[in-house]
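Worksheet: one structure, shown below.
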Amino acid sequence: LVEQEQVDILVGPLSGSEGIAVANYSKEQPGVTFVNGIAGAQDSTLKVRSPNFFRFHNDGTQWTAGLGDYAYNELGWRNVVTIGDDYDFPYSQIAGFVAEFCSIGGTVSERLWPALGEEDYSSFITQIPEDVDGFFMGVGGTGTVAFVRQYEQLRGNLSERIMGGVFMTDPVILKELGDRVVGVVTAGMTAGDSTRPEYQEYADGLAEAYPDLEGTASSVFAYGYFTAMEAIAQALEQVEGDLSDDHAAFREALTNLELDAPLGTIKLDENRQAIMDNFLQQIVADNTGDGVPDVKTIKTIPEVDQTFGGFFSPDTPSPDRDDPKCEKTDPPPWTQQGGGG
14 LVEQEQVDIL
24 VGPLSGSEGI
34 AVANYSKEQP
44 GVTFVNGIAG
54 AQDSTLKVRS
64 PNFFRFHNDG
74 TQWTAGLGDY
84 AYNELGWRNV
94 VTIGDDYDFP
104 YSQIAGFVAE
114 FCSIGGTVSE
124 RLWPALGEED
134 YSSFITQIPE
144 DVDGFFMGVG
154 GTGTVAFVRQ
164 YEQLRGNLSE
174 RIMGGVFMTD
184 PVILKELGDR
194 VVGVVTAGMT
204 AGDSTRPEYQ
214 EYADGLAEAY
224 PDLEGTASSV
234 FAYGYFTAME
244 AIAQALEQVE
254 GDLSDDHAAF
264 REALTNLELD
274 APLGTIKLDE
284 NRQAIMDNFL
294 QQIVADNTGD
304 GVPDVKTIKT
314 IPEVDQTFGG
324 FFSPDTPSPD
334 RDDPKCEKTD
344 PPPWTQQGGG
354 G
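Residue numbers for the sequence shown follow my numbering, beginning at 14 and rising by one.
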């Protein structure tokens, strides 16, 4: 797209490790502006910090804000296991949960990493000790459905022992999971039960433009690309389409934009990374009659920034199989111990 089609603005990509690669590549292309699609790896903005790469949605770590606090203080969990695909996005998801849960006093006894694209999770499920209080599940995509079904076959009902990553409440995946995940608590940047008129307008517009996607407005995939394109459109309008001087005016408009998005204001930090609300949610029984469980927002965590209340910085280790360490420290401000309960 950049080298053959000579695009001025590129929106994407979708997956975490790809996001890091594109962010690094953007430094080689100063005449092109890159706006992230929905790739959620933390490093894309916190570590790479490319001046022409922007992300108008939370990263995978920010998406977990509120889960560690809920697990410790509401569910009474003290010892947990995490499981996630072995690549950059789940590293970021699990990093947020570990940082928050351990800061309060919880223990993560083991982190399991099946390969991306794994289809048989039985050997990993049997590694989850029976005596842990619960586990955080960061397996994504079609793997979410496979893992949940296989866990049910091997261990029975999992809804009281699992916290799910952001994909658990994706409408398409939730339709496949059905009643077996009723009760599971998750978190993310969308809230399908929002009553904001702006959200309803967005959902109706998506359904009208893409009838086959009706009911999928709360998908992070849809919402992330929507916020990216809306930011681009508003910034282009502000500068009347001026892309001269390596997009200087356009990029300044993007940097300073406070996007009035369907679910609340989005603004960027100094690394051009979104600061926005995160929603703690629970999957509940279907009340609409469409055969798909509903999602209820338990709590809104306002303006979650990429430092995650001071845990992460350009100098901290990148989220990986072993980092961050499980350490008791000052909890994030939105937790009960941090004054946000």
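Even for Gly, the Cβ is constructed at its ideal location relative to N, Cα and C. The model shown is predicted, which means the values in this text are computed figures rather than measured ones.
- Chain-order list of residues whose beta-carbon lies under 7 angstroms from that of T301 (same chain, five-residue window excluded): Within the same chain, T301 has close Cβ partners D307.
- Is it right to say Y223 is buried, meaning 16 or more other beta carbons lie within 10 angstroms of its own, or is it exposed? The residue is exposed, with fewer than 16 neighbouring Cβ atoms inside 10 Å.
- Query: With respect to the beta strand (DSSP E) encompassing L125, which residues constitute its N-terminal and C-terminal limits?
  - Reply: Where L125 is concerned, the enclosing beta strand (DSSP E) stretches over T120 to L125.
- Task: Please list, in chain order, all residues of the same chain as Q42 whose beta carbon is under 6 angstroms from its beta carbon, the five residues on each side excluded.
- Result: When the five nearest sequence neighbours on each side are left out, the beta carbons in the same chain lying within less than 6 angstroms of the beta carbon of Q42 are those of V15, in order along the chain.
- 7 angstroms Cβ cutoff met for P275 and T229: With respect to the 7 angstroms criterion, P275 and T229 are not classified as neighbours on the basis of their beta carbons.
- Euclidean distance between Cα positions of Q166 and T240: Each residue's Cα considered, the two are about 39 angstroms apart.
- Message: Please state whether the Cβ-Cβ distance between T74 and G109 is less than 7 angstroms.
- Response: In contact: T74 and G109 (Cβ atoms closer than 7 angstroms).
- DSSP three-state call for Q319: helix, strand or coil? DSSP places Q319 in coil when its eight states are reduced to three.
- Tell me, to the nearest whole angstrom, how far the beta carbon of S231 is from that of T155; I am working on the premise that it is less than 8 angstroms. Actually they are not in contact, since the Cβ atoms of S231 and T155 sit about 19 angstroms apart, beyond 8 angstroms.
- What residues match up with D273 in a beta bridge as DSSP calls it? Paired residues: T278.
- Own chain, CB closer than 6 angstroms to F324, minus 5 neighbours either side, in chain order: Excluding residues within five positions, the ones whose Cβ falls inside 6 angstroms are A112.
- Alpha carbon to alpha carbon, what distance is there between D72 and G81? D72 has its alpha-carbon roughly 17 angstroms from the corresponding atom of G81.
- Task: Could you tell me the boundaries of the beta strand (DSSP E) in which L23 lies?
- Result: It spans I22 to V24 - the beta strand (DSSP E) in which L23 sits, taken as one unbroken run.
- Cut-off 6 angstroms between Cβ atoms - residues of its own chain near Y236, not counting five sequence neighbours on either side: Counting only Cβ-Cβ distances below 6 angstroms, and skipping sequence neighbours, we find T203.
- Check whether the Cβ atoms of A52 and S105 lie closer than 7 angstroms to each other. No, the pair does not count as a contact, with Cβ atoms beyond the cut-off.
- Message: Please report the distance separating the alpha-carbon of V45 from that of V20.
- Response: If you draw a straight line from the Cα of V45 to the Cα of V20, it is about 7 angstroms long.
- Query: G147 by DSSP, collapsed to three states: which one?
  - Reply: If DSSP states are grouped into helix, strand and coil, G147 belongs with the strands.
- Below 7 angstroms between beta carbons: does that hold for F200 and N92? The sequence as given places Ala at residue 200; Phe does not occur at that position. Taking C-beta atoms as the reference points, A200 and N92 fail to come closer than 7 angstroms.
- Query: Just curious, the alpha helix (DSSP H) that Q163 is in, first and last residue?
  - Reply: For Q163, the uninterrupted alpha helix (DSSP H) segment begins and ends at T155 to R168.
- So, do the region 251-261 and the region 281-297 have three or more beta carbon pairs nearer to each other than 8 angstroms? With fewer than three CB-CB distances shorter than 8 angstroms, the region 251-261 does not count as touching the region 281-297.
- Rank T139, L272 and G277 by C-alpha distance to the C-alpha of Y164 and give the top, closest one. Considering only alpha carbons, the answer is T139.
- Counting pairs of Cβ atoms below 8 angstroms between the region 189-198 and the region 208-218, do you hit three or more? Judged by Cβ distances under 8 angstroms, the region 189-198 makes no contact with the region 208-218, as fewer than three pairs qualify.
- Query: Rounded to a whole number of angstroms, what is the C-alpha to C-alpha distance between G205 and T310?
  - Reply: Straight-line Cα distance between these residues: approximately 8 angstroms.
- Can D101 and V152 be called in contact, C-beta distance under 7 angstroms? Taking C-beta atoms as the reference points, D101 and V152 fail to come closer than 7 angstroms.
- Could you tell me the distance, in whole angstroms, from the CA atom of G354 to the CA atom of G322? Legend: pLDDT at G354 = 48, less than 50; position of this residue unreliable, value from coordinates given subsequently. In this structure, the straight-line span from the alpha carbon of G354 to that of G322 is close to 15 angstroms.
- For A78, name the three-state secondary structure that DSSP assigns. Three-state result, A78: coil.
- Query: Candidates L27, G79 and F160: which alpha carbon is nearest D318's?
  - Reply: Ranking the options by Cα distance to D318, first place goes to G79.
- Task: Could you tell me the distance, in whole angstroms, from the CA atom of Y234 to the CA atom of F180?
- Result: One detail in the question is off: residue 234 reads as Phe in this sequence, not Tyr. Those two C-alpha atoms are separated by around 10 angstroms.
- Task: Keeping to the same chain, check which residues put their C-beta closer than 8 angstroms to that of Y238; ignore five residues upstream and five downstream.
- Result: Only V24, G50 and I51 meet the Cβ criterion.
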